[in-house]
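**Student:**
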Amino acid sequence: MEKSVVLKNLQKEVRTQEKLKEQISEKKTQLKQSKEKEVMYRKWYKKLNRLEEEKHRREKAIEEKMKGQIKNELLAETVDDSSVAKEENGPDYTEGLFSLGSETYE
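Quick note on our numbering: the sequence shown kicks off at 205 and runs consecutively.
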């Protein structure tokens, strides 16, 4: 009788140990998968950051290019305006001198 009780207890203990081993194995698998996911998320996050940085660099370059174009257009307009003003007002006699051919008169 005693042997059968001891045997049953041992069998019970063995089943418990097997269940624990199975649970440990499942936990290890879950941990490994979570680590793999973490690594994958880190890679994605780094890639996303690089893409965002590239986007900002490109936006800044486009903005600078547009500023340059606007500045050039404004300069071109002021040059056009000043040449139009000269044409409308005639020659510039601000210093009281004008020239006819090779001679200068006051």
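Think of the CB as a built atom: it goes at the ideal place given N, C-alpha and C, for glycine as much as any other residue.
#1: Cβ-heavy atom distance between Tyr245 and the ligand ATP below 7 angstroms?
#2: How big is the Cα-Cα spacing for Gln237 and Lys225?
#3: To the nearest angstrom, how far is it from the Cα of Lys275 to the Cα of Glu240?
**Tutor:** In short, the structure shows the following:
#1: In terms of ligand content, the structure shown is empty, and the ligand ATP therefore cannot be addressed.
#2: Within the sequence shown, numbered from 1, the residue matching residue 237 stands at position 33. Within the sequence shown, numbered from 1, the residue matching residue 225 stands at position 21. If you draw a straight line from the Cα of Gln237 to the Cα of Lys225, it is about 18 angstroms long.
#3: Walking along the sequence shown from the start, residue 275 turns up at place 71. Walking along the sequence shown from the start, residue 240 turns up at place 36. In a straight line, the C-alpha of Lys275 is about 52 angstroms away from that of Glu240.
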